[in-house]
Structure formats: structure tokens, C-alpha cells
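Residue 563 in the numbering used here sits at position 274 of the sequence shown, with consecutive numbering throughout.
For glycine and all other residues, C-beta sits at the position ideal for the given N, C-alpha and C.
All values reported here derive from a predicted model rather than from experimental measurement.
The structure appears right after this line, and notes come after that.
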Amino acid sequence: MTESSTPLGEFLRARRELVTPEQAGITVGGVRRVPGLRREEVAMLAGISNEYYLRLEQGRYQHPSAQVLEAIARVLRLDDESLTYLLGLAAEKSRTGRRRPRREVVPSGVQKLIAALPLPAFVEGRYLDVLVANPLATAISPRLIVGANRLRDVFLDPDERDLFLDWDLATEGIVASFRQSVGTQLDDPRFIELVGQLSLASPRFRRLWGRHDIGGRTGALMRLQHPLVGELHLNREKLIVGEASNLTIAVYHADAGTADADKLAMLASTVATPIGEQASLGGA
Numbered sequence: 290m291t292e293s294s295t296p297l298g299e300f301l302r303a304r305r306e307l308v309t310p311e312q313a314g315i316t317v318g319g320v321r322r323v324p325g326l327r328r329e330e331v332a333m334l335a336g337i338s339n340e341y342y343l344r345l346e347q348g349r350y351q352h353p354s355a356q357v358l359e360a361i362a363r364v365l366r367l368d369d370e371s372l373t374y375l376l377g378l379a380a381e382k383s384r385t386g387r388r389r390p391r392r393e394v395v396p397s398g399v400q401k402l403i404a405a406l407p408l409p410a411f412v413e414g415r416y417l418d419v420l421v422a423n424p425l426a427t428a429i430s431p432r433l434i435v436g437a438n439r440l441r442d443v444f445l446d447p448d449e450r451d452l453f454l455d456w457d458l459a460t461e462g463i464v465a466s467f468r469q470s471v472g473t474q475l476d477d478p479r480f481i482e483l484v485g486q487l488s489l490a491s492p493r494f495r496r497l498w499g500r501h502d503i504g505g506r507t508g509a510l511m512r513l514q515h516p517l518v519g520e521l522h523l524n525r526e527k528l529i530v531g532e533a534s535n536l537t538i539a540v541y542h543a544d545a546g547t548a549d550a551d552k553l554a555m556l557a558s559t560v561a562t563p564i565g566e567q568a569s570l571g572g573a
């Protein structure tokens, strides 16, 4: 068990260790025994007492103000998404009751939209479970099917790993996206089971989870090595379903007029092609 005993304290400590003295404008002299900034340095730069900051990291201060947290966020170089998460951790700590995560139901209109899109598209839930996927998404990856989990597949399935030319970058993004998706409710059984399983099975996941990165629910360039069409560059967009929803639509698309667009069109043709005829397409 770490010295920090609360999600708020763990987050502050993890992010503090990622900021170098040079980034914070501190002149370094001699050997430092800790990675990143010391607690007293964060306190000094944020304009608060050492004791106050120590109590925050140890989870012994119940109601930190938004102004204090924003000052600490500036020192820790947090972006807007990470600051929102930090403020949410502080608010969650002050609540007396816990809210059970809602059952994830994809609206029928969204299901129809995914089916009608002429692009690879799928819906993922709070835990990055695939809830809906169209055939072209499955043509991009056979793991993009209802009931699959993106975290498990990206970290634990060798075929899915081989699909990503930038696997290290992809894993950074998906872990940050997962932490943002689950938010501050970190005590429900499904979350604990999933993080525990991945932490035991994947050293890479365990290291990235310890960084407490937030983000990734945005657009990105996906560089894939597809077994049928070869190297494929696709833009990935993520769209939130409704207000404050944990459902996200992911859509892949290629730049118009490129070889990638032609390859995507070829994959689209295989979706409507009988299985027995797909071998001849692959050898063309």
C-alpha cells in the first residue's frame, strides 16, 4: 500500500513525480532522491504551507478549495481535462453516499446510426466494453464485436497488439481514456476487477495506470498494419452520446483521395462479399 491512501492523494503524488524541477523553474543542486518535485516544492510554488499539502497527499484534509487545487494544478502542469478530474476527486471525497453506475443502454437511434454509417464505427461504454459495432468496424479488427473489451484486447491479445504500428502510443491513449471514462467512482466491483486483472497480466498497463494520465477521448491518427490491406492510416474521432454520458461513439475515416481511402473502400467491399470470395481479394 502506498503512503497516499486516497484517490486524491494518489493522483497528486503520481502527477508530482512526473514534473521535473527544470519544468517548474527550480534550480537543481546535488543529488535528488525522489523523482519529480518534492512536496515542499509543490507547496511553495502553489503558495500553500508544507503541512497543508502533506495532509492533502495523505488524505487527511477533507475539503480543499477549488482555488487551492487550481494553484496546485498549475504547478503540476495539468491540462483542463486533468484539472476537471482533480476537482472531481475532491468533490467525490466529500460525498457521504456512493452512486451505483447506471446500466449501459445504447439508444435505439444510436444503434441505427452505427448500422447505417458507411464508415467503421462502434460504441464503447464506461469500462471500454464494445456495446455496438458495425460490420466495417469488425473488418478493421475482429475484436471489435459486441461483448469485447478494448482494454483487455489492446493489452492482452497478441493479434490486436500487432494491429497497431504505434502500440506504445495507443496504450497511453487508451489508459488515459479509460481513467477519464470511469471518472472518480473507483470503488465499484467491475472497475476493481478489470484494473486488477490488467495490472497482474500486463506490466505495461500497470506502469501507465500508475501515471494517472487523463484524456484520450478525442481525435487521433491510427496507424494500423491490417492483414488484408497492409499499412492503413485512419483518423479516429470520438463523440460523446448525450450529456454527461459514459457512452462514446468511435468512428474511423480516411483522408479523401488517398491510398488509405482506397484501402478502406476495399475493406468495405469485403463486408458485403461472401466469405469464400474474400481469399481472392486478399491475393489481388
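For residue i, which option in the options has the closest C-alpha, if you only look at C-alpha atoms?
{"i": "A379", "options": "I463, E482 and T473", "result": "T473"}
{"i": "A410", "options": "S397, G398 and P424", "result": "P424"}
{"i": "D448", "options": "P296, D549 and S430", "result": "S430"}
{"i": "V518", "options": "L452, I361, R500 and V395", "result": "L452"}
{"i": "R512", "options": "I503, V364, M333 and N524", "result": "N524"}
{"i": "A335", "options": "V320, R441, T316 and A355", "result": "A355"}
{"i": "M333", "options": "V357, S371, R349 and G348", "result": "V357"}
{"i": "R305", "options": "Y350, S371 and R349", "result": "S371"}
Just mark residue i as buried or exposed, buried being the case when its beta carbon has 16 or more other beta carbons within 10 Å.
{"i": "L658", "result": "The structure shown has nothing for residue 658, since the chain only spans 290 to 573."}
{"i": "A426", "result": "buried"}
{"i": "V412", "result": "buried"}
{"i": "F300", "result": "buried"}
{"i": "E520", "result": "exposed"}
{"i": "S397", "result": "exposed"}
{"i": "R392", "result": "exposed"}
{"i": "I233", "result": "The shown model of the chain, from 290 to 573, leaves out residue 233, and the question about it has no answer."}
{"i": "H352", "result": "exposed"}
{"i": "R302", "result": "buried"}
{"i": "S338", "result": "exposed"}
{"i": "V320", "result": "exposed"}
{"i": "V435", "result": "exposed"}
Could you give the C-beta distance for residue i and residue j, rounded to a whole number, given that I count them as a contact under 8 Å?
{"i": "R479", "j": "Y416", "result": "6 Å"}
{"i": "A313", "j": "E340", "result": "The Cβ separation is near 20 Å, so there is no contact."}
{"i": "G414", "j": "L406", "result": "19 Å between Cβ atoms; not a contact."}
{"i": "S466", "j": "G504", "result": "7 Å"}
{"i": "G298", "j": "E346", "result": "5 Å"}
{"i": "A428", "j": "V530", "result": "About 23 Å; that fails the 8 Å criterion."}
Checklist line | the segment 302-310 in contact with the segment 326-333 per 3-pair CB rule at 8 Å | finding: yes
Check: Would the segment 358-369 and the segment 450-464 be scored as touching if the rule is three or more Cβ pairs under 8 Å?
Finding: no
Notebook entry, point to check: If you scan the segment 305-348 from start to end, which runs of the alpha helix (DSSP H) of 4 or more residues do you find wholly inside it?
Noted result: 328-335 and 339-346
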